[in-house]
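Residue numbers (the working numbering), protein chains in the order written: chain A, 1 to 419; chain B, 1001 to 1419.
Just so it is clear, CB atoms sit at the ideal spot from N, CA and C, and this is done for glycine as well.
Here's the structure, in structure tokens; my notes come after.
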């Protein structure tokens, strides 16, 4: 990693504690990722991004800020990045994926909360996440009780703007979400001093769509048997999508895809079971479940999660002549995401069944972060629908600790033998 | 109890299982309530209501239904009973307060969920709650992830109409809540066949306000030192408010209050510590915490909960000439409730501080049902504000089981000694 200590110091980071974090990551990454045989060359870029994860991009954000630009932190696929791009600001996904931050989070939150929220709060209060330290504003949303109330804590450290996501999908809810996007535009204009126009919003939509197209192209390769890319490599790329410079990211994903196109011609199936993961998001560096599964004779071929298909499926239309038109296009695309925060959320079951066909899935693993009520309750209906359709499914509830890894491995093994 | 077996059979209840429930309640009630010395005579009516809790009122609901009337089940103080009264329907709070139902609930819900939601689902699926069996429709809301997703399960058993409560309190949220009330009116009109008019909605408001006034009058007596009524008796009355015939309830509460007025003149303080409970609702027959506290030298003088002040504070204005006017009055009153489901929810802290003054509170006990994220996260801000104001506060997280009763008693004892 380059020398970023001056930058981190200027970001008011806790350097000593941050060193502890930096000391852990390379080993962890090495054992999960670099042990893979016959990896695509194109993954070298993503290896590099991880090796520089707290330096390279934060330095770019710093440069952007030096020129008067703004940086907005987000936590959820419902926040419309298009608006942020339009105002010449940069959106970044915030740190929330490591057990390292959980302990500090538990000083401010109850222990029986989802690890993602505890890690996010812990990352901020401990001053060990350069992204949290760089953002001028956090954009929150009301997708779950835990995050909704955690904004109140984070707001003591950095301004938080909350978007109230409707909990249903009726016509009035689309209208409400359009109003919420309008308020968000006003807020972003106020923060950046830049007006959101039809022209720059169309450009913002195009940037976000180009990321979606690149990820879609990548995921399409995973429909092949065998997939020319491992599940954990694909997961890593999805995770990096939330941080990286959009143009560079799209270019690198496309270069990788060009390689995969060639590579796919010569690969032969080893008869691995094809697994879909569905459930809660996996924030960087949460690779736990993928790593367990792919150390067995199985490959993860698709993630119906917020760090998977929910992030890139469906583009935003650029049709229209007014800001109103474009806001409607945004609302249409975003309320089409089938998150368990909606009631009912039957569209998710349709998505899962469709992906089972498209990705030739042998079995579905429902992955739920501990204490996420919305997804854990929804398991019942998903299980029922999949069993009716004859699709094998198993439920895993876990957090960021490694204590249950052996037990999960045993259960996944049994599941693979069964399907 | 009278003989209601024929009624229960017609309600498709599981008679055998229900007998088990009925066998437990009298002993429990006896030990918590009938052991109190020098109780007001006026409590006899409420003793009677409990002794007939699954018979008398369900028989009245049955009679109402025989005449073509409808019954709507509710779970939350945000559902506007006024609309239900206006359409000549009856609102009833649904069973959710007993450990008896938790096991059946856990067959459909994850175990790490709030006991209130598990008990509610368990009460329905086990066919042991005559109220659940009587309702033509359940009115749900989006106040927490757990309930929001549980409606999808209950909807398989009885139609559920969900009201999407905004999660913030901006002008647009008031407008949204008004729209939601309008949709609710349409739904109730459709179900009952009765039009909601300015005239009958004003009458509905008056019925709901009369309950609020009676409860307010009751609670005002608790501001006295000593309170002429125990905390657990007051809690019981609040719980019964959700079930009972409104006119009879108001009359009986007022008769009790007349007695308390006399009684207060001769009571002398025994120096008991005056406790406020703030937090999650206590559904019938959840008397656990009150019982523990009042078996110590302490009295609960106010509950800042949904089975306390949040239920009756602030009347709905009957001013206005149009349905729109009245809907606005409803929205104004209901969005004035300071539930932890809102972000931020600083009004709740103001309420707690005000009640500390008005009820001369010595210490605040924050009571949280296990796994209720909204209230458990909000503890941090409430604690901080109260400590700054020099008000003692302690946090208790518990469920419906009795296993932790000894431990809670020890902790409350220590708290009482400290304040």
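Thinking residue i and residue j are a contact (beta carbons under 8 Å), I'd like their distance in whole angstroms, please.
i	j	result
residue 74 of chain A	residue 139 of chain A	5 Å
residue 1185 of chain B	residue 1083 of chain B	5 Å
residue 1242 of chain B	residue 1055 of chain B	Wrong, their Cβ atoms sit about 17 Å apart, outside the cutoff.
residue 1374 of chain B	residue 1414 of chain B	Not confirmed; about 27 Å, so no contact.
residue 1367 of chain B	residue 1289 of chain B	5 Å
residue 1282 of chain B	residue 1235 of chain B	6 Å
residue 377 of chain A	residue 1150 of chain B	7 Å
residue 294 of chain A	residue 232 of chain A	6 Å
residue 79 of chain A	residue 141 of chain A	6 Å
residue 307 of chain A	residue 239 of chain A	6 Å
residue 1323 of chain B	residue 1201 of chain B	7 Å
residue 1046 of chain B	residue 1237 of chain B	6 Å
residue 1152 of chain B	residue 344 of chain A	5 Å
Could you check the C-alpha separation between residue i and residue j for me, to the nearest Å?
i	j	result
residue 1225 of chain B	residue 1300 of chain B	12 Å
residue 406 of chain A	residue 1211 of chain B	57 Å
residue 145 of chain A	residue 1269 of chain B	43 Å
residue 1221 of chain B	residue 1029 of chain B	24 Å
residue 37 of chain A	residue 223 of chain A	20 Å
residue 325 of chain A	residue 69 of chain A	27 Å
residue 1335 of chain B	residue 1198 of chain B	21 Å
residue 1017 of chain B	residue 1162 of chain B	30 Å
residue 271 of chain A	residue 297 of chain A	8 Å
residue 1143 of chain B	residue 1277 of chain B	20 Å
residue 1097 of chain B	residue 264 of chain A	59 Å
residue 111 of chain A	residue 1106 of chain B	22 Å
residue 76 of chain A	residue 358 of chain A	26 Å
residue 66 of chain A	residue 6 of chain A	15 Å
residue 196 of chain A	residue 181 of chain A	12 Å
residue 266 of chain A	residue 260 of chain A	10 Å
residue 1274 of chain B	residue 1164 of chain B	37 Å
residue 408 of chain A	residue 396 of chain A	8 Å
residue 204 of chain A	residue 1286 of chain B	54 Å
residue 11 of chain A	residue 188 of chain A	22 Å
residue 1250 of chain B	residue 177 of chain A	42 Å
residue 318 of chain A	residue 329 of chain A	7 Å
residue 381 of chain A	residue 245 of chain A	38 Å
residue 1394 of chain B	residue 1309 of chain B	20 Å
residue 1256 of chain B	residue 1218 of chain B	8 Å
residue 1387 of chain B	residue 1350 of chain B	14 Å
residue 131 of chain A	residue 95 of chain A	7 Å
residue 411 of chain A	residue 418 of chain A	11 Å
residue 1209 of chain B	residue 90 of chain A	52 Å
residue 1444 of chain B	residue 1292 of chain B	Examination of residue 1444 of chain B is not possible in this model, given that chain B is present from 1001 through 1419 alone.
residue 1135 of chain B	residue 1061 of chain B	9 Å
residue 1051 of chain B	residue 1253 of chain B	18 Å
residue 126 of chain A	residue 108 of chain A	11 Å
residue 331 of chain A	residue 183 of chain A	13 Å
residue 973 of chain B	residue 1348 of chain B	Residue 973 of chain B falls outside the range modelled here, since chain B spans only 1001 to 1419, and no answer is possible.
residue 1313 of chain B	residue 1175 of chain B	22 Å
Can you tell me which residues form a DSSP beta bridge with residue i?
i	result
residue 1277 of chain B	B/1303 and B/1365
residue 162 of chain A	A/140
residue 1071 of chain B	B/1090
residue 357 of chain A	Partner(s): none; residue 357 of chain A has no beta bridge.
residue 397 of chain A	A/368
Task: Runs of beta strand (DSSP E) wholly within the segment 292-322 of chain A (minimum 3 residues, chain order) - done: As far as the segment 292-322 of chain A is concerned, its whole beta strand (DSSP E) runs of at least 3 residues are 298-304.
TODO: Note down, in chain order, all residues in the segment 371-397 of chain A with a beta-carbon under 7 Å from any beta-carbon belonging to chain B.
DONE: The residues in question are 371, 373, 374, 376, 377, 378, 380 and 381.
TODO: Quick one: which residues of the segment 115-147 of chain A get their C-beta closer than 7 Å to a C-beta of chain B? List them in chain order.
DONE: Taking 7 Å as the cut-off between beta carbons, the residues of the segment 115-147 of chain A near chain B are 142, 144, 145 and 146, in sequence order.
Task: Residues of the segment 149-171 of chain A with Cβ closer than 9 Å to any Cβ of chain B, in chain order - done: So the list reads 149, 150, 151, 152, 153, 155, 162, 164, 165, 166, 167, 168 and 170, given in the order they occur along the chain.
Task: Within 8 Å of chain A by C-beta, residues of the segment 1097-1117 of chain B in sequence order - done: The residues in question are 1108, 1109, 1110, 1112 and 1113.
- [ ] Scan the segment 1092-1141 of chain B and note each continuous beta strand (DSSP E) run of 3 residues or more that stays entirely inside, going in chain order.
- [x] Correct list: 1137-1141.
Task: Unbroken stretches of the alpha helix (DSSP H), 4 residues or longer, contained in the segment 1009-1067 of chain B - done: Counting only runs of at least 4 residues, the segment 1009-1067 of chain B fully encloses the following alpha helix (DSSP H) elements, listed from N- to C-terminal order: 1015-1029, 1043-1051 and 1056-1066.
- [ ] Mind checking the segment 176-200 of chain A against chain B and listing, in chain order, the residues whose C-beta falls within less than 9 Å of any C-beta there?
- [x] Within the segment 176-200 of chain A, the qualifying residues are 176, 179, 180 and 183.
Open item on the list: Under 7 Å, CB to CB, which of the residues in the segment 343-373 of chain A have a partner in chain B?
Closed with: Within the segment 343-373 of chain A, the qualifying residues are 343, 344, 371 and 373.
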